[in-house]
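Just so we're aligned: the sequence shown equals residues 1 to 459 in UniProt numbering.
By construction, the Cβ of each residue, glycine as well, lies at the ideal position given by its N, Cα and C atoms.
For reference, the structure is listed below as structure tokens.
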Amino acid sequence: MRKTKHVECHIDSIELRTAEFCKRMDARISIIAFVVGVVFMLSLFYMSTLENGGLVMTKIVPSIYLGIIDTDRAESRREELLNMLPRINRHGVDCWRIFAGDGEEIKKAQKITFVQTIPDRDFLRLTRNCTSYRRRGYMTKPVSDEEERYPIAYVVQIYKDLVQIERLLMAIYRPQNWYCINVDLSMGENVHLGMIAIASCFDNIVINSVDVAWAKMSQVEADLTCMQLLYNKNKDWNYLITLAGQMFPLKTNLDIVRILKSLNGSNAVAAVTKRRNLERWNHLPTPSIPVRLVKGGCHFAVTRCFVQYILFDKRAQQFKNWTSKTSFPDEHYFQSLSHSPKLQVPGAYTGWPENGENGYEEIMRYAKWCYDESGCHGKFVRCVCIFGVADLPRMANRHKMFVNKFYYDYEPMALTCMEQRHYQWTRQDILGINDDRINITFYRNLPNVKHHIPSGLEN
Ligand SMILES: *[C@@H]1O[C@H](CO)[C@@H](O)[C@H](O)[C@H]1NC(C)=O
Ligand SMILES: *[C@@H]1O[C@H](CO)[C@@H](O)[C@H](O)[C@H]1NC(C)=O
Ligand SMILES: *[C@@H]1O[C@H](CO)[C@@H](O)[C@H](O)[C@H]1NC(C)=O
Ligand SMILES: *[C@@H]1O[C@H](CO)[C@@H](O)[C@H](O)[C@H]1NC(C)=O
1 MRKTKHVECH
11 IDSIELRTAE
21 FCKRMDARIS
31 IIAFVVGVVF
41 MLSLFYMSTL
51 ENGGLVMTKI
61 VPSIYLGIID
71 TDRAESRREE
81 LLNMLPRINR
91 HGVDCWRIFA
101 GDGEEIKKAQ
111 KITFVQTIPD
121 RDFLRLTRNC
131 TSYRRRGYMT
141 KPVSDEEERY
151 PIAYVVQIYK
161 DLVQIERLLM
171 AIYRPQNWYC
181 INVDLSMGEN
191 VHLGMIAIAS
201 CFDNIVINSV
211 DVAWAKMSQV
221 EADLTCMQLL
231 YNKNKDWNYL
241 ITLAGQMFPL
251 KTNLDIVRIL
261 KSLNGSNAVA
271 AVTKRRNLER
281 WNHLPTPSIP
291 VRLVKGGCHF
301 AVTRCFVQYI
311 LFDKRAQQFK
321 NWTSKTSFPD
331 EHYFQSLSHS
341 PKLQVPGAYT
351 GWPENGENGY
361 EEIMRYAKWC
371 YDESGCHGKF
381 VRCVCIFGVA
391 DLPRMANRHK
401 MFVNKFYYDY
411 EPMALTCMEQ
421 RHYQWTRQDI
431 LGINDDRINI
441 TFYRNLPNVK
451 HHIPSGLEN
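Structure, rendered in structure tokens:
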């Protein structure tokens with residue numbers, strides 16, 4: 001595992017920490033002095049009786065002293081982290097009962113229509129003082145050493161209100177991770193300026209502005225420019241995840257780190273072969289390179305080597321040229337390359353891609369489409385289910401990392417309960433009581449994890 005440096009956000013937060021640390025030291029110095037005094041007296045006694053003074057003075061006394069400081073630091077770090085968690089108003093609803101499928105509680109939650117809105121332009125005001133802005137609920141310290149050593153890169157494409165983007169960001173933000181947010185310029189100045197203002201409060205969020213047209217190559221371009229930015233910005237991340245602004249995590253950052261590690265260098269890109277839409281490229285000659293054409297999800301997790309291949313390999317560029325003449329390229333450009341073992345694409349699946357068959361399961365996102373038999377208690381917008389409160393029990397114990405999608409103002413308790421659970425779990429992670437929420441064996445046994453082109457991350 002590569003060791004990575006922790007990314008500090010701002011000078012003022014460092015000063016703040018130093019001041020708090022000194023205050024705490026003042027308060028505890030007397031306790032330490034007392035303990036040291038007792039140890040010293042005991043050791044005098046021990047030395048006088050056993051003539052073993054060397055050991056006592058060089059090993060035992062320093063280790064007791066350092067032990068006190070270590071537990072002290074760990075405790076104050078936990079305290080500080082717990083204070084960073086956002087406060088969620090549950091409106092008197094017991095979200096755990098909803099996840100457990102309690103019909104009464106679901107009905108109660110569906111009746112709650114209160115929506116906390118923040119106009120996009122208000123983010124300029126809220127971010128004027130970054131110290132206080134970050135205290136709205138961002139984790140500005142790594143939750144655990146394991147996470148700190150395993151930064152993740154995120155590409156997020158946003159299309160709607162900042163108030164919901166902020167809620168997604170709070171859930172996935174960690175100081176060691178890297179974020180590239182693509183703002184579609186057609187969303188208007190307020191969203192654009194507001195997003196720039198939010199990003200300016202963090203050292204690890206960059207803004208990209210590619211105008212995105214539906215079903216066009218610009219969606220792929222937005223991902224590509226963000227990938228390039230993140231690739232250049234930092235070389236410590238092993239995986240890159242693409243998201244949209246109305247998704248929400250089903251797992252905590254620690255869970256996601258463990259899932260990514262268990263992928264053993266394979267990509268998590270969903271794909272189908274039978275149900276691909278041939279009419280999207282049938283008017284073209286077949287590509288000149290041995291690429292396997294599939295259709296798949298436009299949100300995925302890929303390895304750094306895959307990103308490098310996409311950015312620098314000549315065949316990836318050739319395929320991009322071909323892809324630019326097809327429709328809905330965002331559903332087959334990255335996906336086809338990630339299923340083309342003949343091209344030796346890093347992380348690519350070497351088996352036959354058919355999502356939902358032979359244990360080849362999508363683990364990136366939980367979503368329901370208008371042609372799915374069941375599983376949507378919300379409403380369909382452009383064939384995608386906008387999940388409601390009654391959908392939460394079904395997604396409760398999924399192996400998937402994210403959900404697509406929620407509207408913060410449609411059955412608002414749906415997103416609120418997701419947050420409630422997410423932060424309860426984050427709290428457990430802080431306290432070090434994440435007792436195997438995820439089943440590593442499941443991920444290890446996925447066919448695409450077992451059979452893939454190496455990415456340099458295998459172990
Ligand atoms: C910013 O907010 C913090 C925390 O609320 C406060 O301590 C600090 O004085 C503010 N800074 C400025 C420049 O107003
Ligand atoms: C892609 O297409 C452009 C313009 O059509 C051309 O200049 C370029 O050489 C092509 N690149 C590759 C790698 O085929
Ligand atoms: C973990 O996943 C494996 C493989 O899917 C399964 O056989 C096992 O029963 C699961 N363990 C638990 C505790 O759910
Ligand atoms: C990870 O992949 C490598 C190379 O394919 C393989 O040798 C190794 O056994 C895999 N590790 C696990 C735990 O599956």
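Close CB contacts of LYS251 within its chain, under the 6 Å cut and outside five residues either way in sequence, are with MET401 (chain order). The stretch 402–422 makes contact with the stretch 104–118, as at least three CB pairs between them are under 8 Å.
Annotation: TRP96 is outside any beta strand (DSSP E); the continuous alpha helix (DSSP H) that includes it extends over 95–99. Residue pairing for LYS379: DSSP places it in a beta bridge opposite ILE386.
Taking a C-beta distance under 8 Å as the contact criterion, ASN267 and PHE312 do not qualify as a contact pair. Among the bridge pairs identified by DSSP, ILE205 is matched with TYR179. Non-local C-beta neighbours of THR426 in its own chain, meaning closer than 6 Å and more than five positions away in sequence, comprise THR252, ordered along the chain. Note: HIS452 is bridge-paired with TYR349 in the DSSP secondary-structure output. For the pair of segments examined, the stretch 187–197 was found not to touch the stretch 435–444: the number of CB pairs separated by less than 8 Å stays below three. With contacts defined by Cβ atoms closer than 8 Å, ALA396 and PHE99 form a contacting pair. Counted as a single uninterrupted DSSP element, the stretch harbouring ILE289 is not any beta strand (DSSP E), since DSSP gives it neither H nor E. The continuous alpha helix (DSSP H) containing ALA199 extends over residues 189–199.
In the DSSP assignment, MET247 is bridged to ASN404. The beta carbons of GLN157 and ALA222 sit about 6 Å from each other, so the pair counts as a contact at 8 Å.
Between GLY101 and PRO393, the C-beta spacing is below 8 Å.
For secondary structure counted as the alpha helix (DSSP H) over 4 or more consecutive residues, the stretch 267–342 holds these complete runs in sequence order: 304–312, 314–323, 333–337.
Take the alpha-carbon of TYR309 and the one of LYS368: they are about 31 Å apart. In the structure shown, THR127 adopts coil according to DSSP, grouped into three states.
The beta carbon of ALA171 lies closer than 6 Å to those of PRO249, HIS422 in the same chain, with the five residues before and after it left out. According to the DSSP assignment, TYR410 belongs to no beta strand (DSSP E), since it is labelled neither H nor E. In terms of Cα proximity to PHE328, the closest of ALA215, VAL220, LEU169 is ALA215.
The three-state secondary structure of TRP214, taken from DSSP, is coil.
DSSP places TYR443 inside the alpha helix (DSSP H), whose first and last residues are 440–444.
For VAL163, the enclosing alpha helix (DSSP H) stretches over residues 162–172.
From the listed residues LEU284, LEU343, PHE406, TYR231, the smallest Cα separation to SER324 is found for LEU284. A distance below 8 Å separates the beta carbons of TYR410 and LYS379. Residue state for VAL115 is assigned as coil, using DSSP reduced to three classes.
Under the DSSP definition of a beta bridge, ILE152 partners with TYR239. Shortest Cα-Cα distance from THR326 to any of SER340, CYS370, GLU357, LEU278 involves LEU278. In this model, LEU162 and VAL257 are separated by some 26 Å (Cα to Cα). Any heavy atom of ligand 4 within less than 5 Å of a residue's beta carbon puts that residue on the list, which reads ASN264, GLU458.
Taking 8 Å as the cut-off, the Cβ atoms of ILE241 and ILE205 do not count as close. Take VAL294, set aside five residues on each side of it, and the residues of its chain with a beta-carbon closer than 8 Å to its own are ALA271, VAL272, THR273, ARG276, HIS332, GLN335, SER336, HIS339, PRO353, in chain order. Rounded to whole angstroms, the gap between the alpha carbons of ILE68 and TYR154 is 38 Å. Excluding five sequence positions before and after SER374, none of the CB atoms of its chain fall closer than 6 Å to its own CB. Taking non-hydrogen atoms of ligand 1 into account, the C-beta of SER132 is found less than 7 Å away from one of them.
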